[in-house]
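Trainee: In the working numbering, the protein residues as written are 6 to 421.
Ideal placement from N, C-alpha and C gives every residue a C-beta, glycine not left out.
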Amino acid sequence: MSSDEIVIVGGGLAGAKAAEGAREAGWEGPIRLVGSEPYLPYERPPLSKGLLLGDDGPQAALTAKDGWSRTFDVRLELGAPVTAIDLAAHTVRIDSADLPYARLVLATGAEPIRPDLPGADLPGVFTLRSLDDALALRDRLVPGARVAVVGASWIGTEVAAVARQRGAEVVLLGRGSVPLEKVLGPEVGGFYGSVHASHGVEVRLGPDVVGIERSGEGDDARAAGVRLSDGSVVEADVVVLGLGVRPSLSLAKAAGLAVEDGVLADATLRTSDRDAWVAGDIASHAHPSAPGGRRVRVEHWGNALNQGLAAGANAAGADRPYELLPYFFSDQYDVGMEYSGWPFGFDETLLRGSLEDGEFVAFQLRDGVVVGGANVNVWDVNEHVQTLIRAARPVRREILADPSVDPADWPRLALA
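(1) Find the nearest neighbour of A323 within the set V14, G16, A23, G15, judged by alpha-carbon distance.
(2) Measuring from the CB of W159, is there a heavy atom of the ligand NAP at a distance below 7 Å?
(3) Taking the DSSP output, what are the residues bridged to D2?
(4) Determine which residues share a DSSP beta bridge with G247 and list them.
(5) Could you tell me which whole beta strand (DSSP E) segments of length 3 or greater appear in the region 140-192?
(6) So, do the region 189-201 and the region 260-273 have three or more beta carbon pairs nearer to each other than 8 Å?
(7) For the beta strand (DSSP E) holding W282, just list the boundary residues, first then last.
(8) Quick check: the region 20-37 against the region 117-126, are there 3 or more CB pairs under 8 Å?
(9) With 16 other CB atoms within 10 Å as the buried threshold, where does V12 fall?
(10) Is DSSP giving T76 helix, strand or coil here?
(11) Express the C-alpha separation of G20 and L38 in angstroms, rounding to a whole number.
(12) Counting beta carbon pairs with one atom in the region 130-145 and one in the region 281-294, are three or more of them shorter than 8 Å?
(13) Which whole-angstrom value is the C-beta distance of P326 and G307, which I expect to be below 8 Å?
(14) Note down the Cα distance separating V366 from A396, rounded to an integer number of angstroms.
(15) Alpha carbon to alpha carbon, how far is R171 from E361?
(16) The beta strand (DSSP E) with L57 in it runs from where to where?
(17) Specify, as a first and last residue, the run of the beta strand (DSSP E) that A115 falls within.
(18) Check for me: the alpha helix (DSSP H) holding N311 runs from which residue to which?
(19) When you compare the CB positions of R143 and G15, do they come within less than 8 Å of one another, or not?
(20) Could you tell me the boundaries of the alpha helix (DSSP H) in which G20 lies?
(21) Would you mind stating whether V374 and R398 have Cβ atoms separated by less than 8 Å?
(22) If you measure between the beta carbons of G378 and S345, is that distance less than 8 Å?
(23) Where R251 and T113 are concerned, what is the direct C-alpha to C-alpha distance, given to the nearest angstrom?
(24) What first and last residue would you give for the beta strand (DSSP E) that runs through N382?
(25) For I394, tell me which candidate among W159, A419, D411 has the shortest Cα-Cα distance.
(26) For the pair the region 157-169 and the region 236-254, tell me if three or more CB-CB distances fall below 8 Å.
(27) Around the Cβ of K54, are there at least 16 other Cβ atoms within 10 angstroms (buried) or fewer (exposed)?
(28) Looking at the unbroken beta strand (DSSP E) that takes in E265, where does it start and where does it end?
(29) Go through its chain and collect everything with a Cβ distance to G179's Cβ below 6 Å, but skip five positions before and after it.
(30) Which partner residues does H290 have in the DSSP bridge list?
(31) My output table needs one value for F196: the three-state DSSP class, helix, strand or coil.
(32) From A263 to S255, what distance separates their C-alpha atoms?
(33) What are the residues that DSSP puts in a beta bridge with T354?
(34) May I have the straight-line CA-CA distance separating E222 from G129, to the nearest angstrom?
(35) Rounding to the nearest angstrom, what Cα-Cα distance links L370 and S409 in this structure?
(36) Where do the N-terminal and C-terminal ends of the beta strand (DSSP E) with S253 fall, by residue?
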């Protein structure tokens with residue numbers, strides 16, 4: 006079965022951007038995007054921000070607005086889960102039909118982690134990954150609702166902030182000593198813990214969650230709280246599991262692609278099959294700027310957007326390495342943050358500005374080299390942080406910590 010079509014499996018941001026990237030690279034053949042959800046491609050960040058808060062409707066999350074498929078000449082197959090990929094035959098199966106392809110882009114995204122806990126499947130227990138998830142959860146975040154958020158990383162802290170802003174009583178549960186400790190370290194994580202506490206969130210970190218409490222039986226059963234390993238119970242009407250995601254790898258594994266923590270790809274995002282590329286949450290690829298030359302897999306908005314464009318362009322013949330640094334942003338209450346870099350393996354946090362004032366840049370260093378950076382309520386500096394990361398050279402700490410130094414001068418003055 007022959008075809009001259011690029012088929013994109015995955016109807017999210019990375020999939021939509023793959024179609025755009027292929028067209029921008031000059032692909033004139035047909036493009037088909039296959040998505041399991043019934044909606045036009047949309048972005049995930051609004052789900053835990055404006056849409057969940059109630060400021061925005063579903064339309065605000067769409068990356069592919071009305072007319073997008075005509076603009077980029079893309080055939081959409083929505084609400085059509087792919088059940089199998091045959092790499093040898095160059096086909097993708099939906100329902101009982103086999104769709105032929107010349108080149109394939111996989112952008113199947115990730116699935117929320119739902120732990121194997123007693124009561125985790127009760128009504129009133131939510132995860133947040135899809136548009137439907139966000140709309141269902143929003144309906145339950147009402148004034149006076151008792152909300153327990155399990156997980157104190159990005160999804161958990163953003164949901165806790167929105168729930169509190171909507172008038173709910175919120176308890177934030179997680180491991181570690183402060184929220185976001187694994188990605189931001191104890192100092193900046195402590196800042197976020199203080200921000201949540203100042204807005205009335207009860208932050209309870211340390212004990213593990215061992216089960217979801219039940220109220221009622223049969224059709225009347227629902228979540229009533231969270232039981233912790235220290236024997237205590239957090240009473241709650243709503244339980245949100247914000248424990249991160251797992252890459253959706255079942256299709257790739259079944260097809261026979263090389264898979265480890267993600268679908269293995271080279272620097273151009275080409276997989277172990279010469280006619281298949283990968284983008285977004287499932288892509289585990291070589292990156293020239295990663296510390297130690299390690300293979301990386303990134304689960305953030307900026308990566309889905311830019312990697313989708315790159316994978317689509319390379320499927321169309323561009324054959325360019327993907328070299329952009331990971332980037333994401335977070336909005337919690339009146340605290341806005343941008344982050345670039347690699348939030349693993351840093352051994353020092355260097356601050357410019359004041360945690361107390363809530364305006365600062367936190368540089369993450371490893372052996373004196375900037376490997377990541379977060380700017381909090383400080384704007385128009387992230388590109389300069391990225392320049393320092395790409396340089397991969399030791400820095401003069403006193404320059405970066407000095408608030409009188411223009412950030413545009415950091416690369417010139419701070420690189421040793």
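Mentor: So, from the data block:
(1) A23
(2) With respect to the ligand NAP, the structure offers nothing, as it holds no ligand at all.
(3) Limits of the chain in this structure are 6 at one end and 421 at the other, which puts residue 2 out of reach.
(4) Answer is none; G247 lacks a bridge partner.
(5) 151-155, 174-179
(6) no
(7) 281-283
(8) no
(9) buried
(10) helix
(11) 7 Å
(12) no
(13) Actually they do not touch by this definition, with Cβ atoms about 17 Å apart.
(14) 18 Å
(15) 26 Å
(16) L57 -> not in any beta strand (DSSP E); alpha helix (DSSP H) instead, spanning 55-58.
(17) 115-117
(18) 306-320
(19) no
(20) 18-29
(21) yes
(22) yes
(23) 11 Å
(24) N382 -> no beta strand (DSSP E), and no H or E assigned at all.
(25) A419
(26) yes
(27) buried
(28) Unbroken run through E265: none, as it is neither H nor E.
(29) G156, A157, L210
(30) A270, V301
(31) helix
(32) 12 Å
(33) Q369
(34) 14 Å
(35) 21 Å
(36) Here S253 belongs to no beta strand (DSSP E), and DSSP marks it neither H nor E.
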